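Following my numbering, the numbering of the sequence shown begins with 5 at its first residue and continues without gaps.
All C-beta atoms, glycine included, are put in the ideal place defined by N, C-alpha and C.
This structure is a prediction, so every number in the text was calculated from the model and none was measured.
For reference, the structure is listed below as structure tokens.
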Amino acid sequence: MELVRRELDPVFMTVSFVGSNALANELGPDGAGVYVTQVVPPPDDENIPVVARYHSALSEYDPQAEPGFVSLEGYLAGRLAVAGLKACGPDLSREGLLHAVRDAGAIEIDGMQLKYGPDDNQGSDAVFLTVIGSDGKYHGVKKLRGPY
């Protein structure tokens, strides 16, 4: 990356599927300025209610665990599964779960809205743009020109 940056002025971008924490660790100091789209809010922003609840659950499970995008996404998936199973009532089956989630309209998990339907399995259409800072951590992008 150093050679590329010396010869050009590139903008590196990738999607969350890359494994954000692994990418930042692998790139080390060369990762500064790399943009990564995320499908969940920043896992260190405890001003967001669902993130604060995630921190509480994570520290209860393992006080040494580091918050991250992947585990926050897993936490949301687990909370969605619990909400869907509760909504099934006595019709606890695969089909019942699918109907419960799809027919709910919107499922709210600590302020985060997830919506499903017959033609929509996405849950959330939100995309959070982040950039790896010189500190090796992810920062939310407010504008596309530095400083971030």
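*Consult DSSP for D49 and reduce its assignment to one of helix, strand or coil.*
coil
*Where does P47 land, buried or exposed, given buried means 16+ other C-beta within 10 angstroms?*
buried
_Check for me: the alpha helix (DSSP H) holding G88 runs from which residue to which?_
73-92
*Secondary structure at V54, three-state DSSP: helix, strand or coil?*
helix
*Compute the minimum distance between the beta carbon of N51 and the heavy atoms of the ligand NAP, and state whether it is under 7 Å.*
The ligand NAP is absent from the structure shown, which contains no ligands of any kind.
*Are the Cβ atoms of V44 and E11 separated by less than 8 Å?*
no
*Buried or exposed: which applies to T134, given that a residue is buried once 16 or more other Cβ atoms fall within 10 Å of its Cβ?*
buried
*Should the stretch 136-144 be regarded as contacting the stretch 33-42, the criterion being three or more beta carbon pairs within less than 8 Å?*
yes
*Cβ-Cβ separation, D114 to P53 (assumed contact under 8 Å), whole Å*: 4 Å
_Within a Cβ cutoff of 7 Å, which residues of the same chain sit near H143, ignoring the five residues on either side of it in sequence?_
T134, V135, G137, Y152
_Cβ contact check for the stretch 51-70 and the stretch 109-124: 3 or more pairs under 8 Å_ = yes
*Look at the alpha carbon of S97 and the alpha carbon of P14, and state the distance between them as a whole number of angstroms.*
50 Å
*V105 classed as buried or exposed, judged by whether at least 16 other C-beta atoms fall within 10 angstroms*: buried
*With respect to the beta strand (DSSP E) encompassing L31, which residues constitute its N-terminal and C-terminal limits?*
Here L31 belongs to no beta strand (DSSP E); instead the alpha helix (DSSP H) covers 24-31.
*Sorted by chain position, which residues of the same chain lie with C-beta nearer than 6 Å to A28's C-beta, five sequence neighbours on each side aside?*
G35, I136, G140
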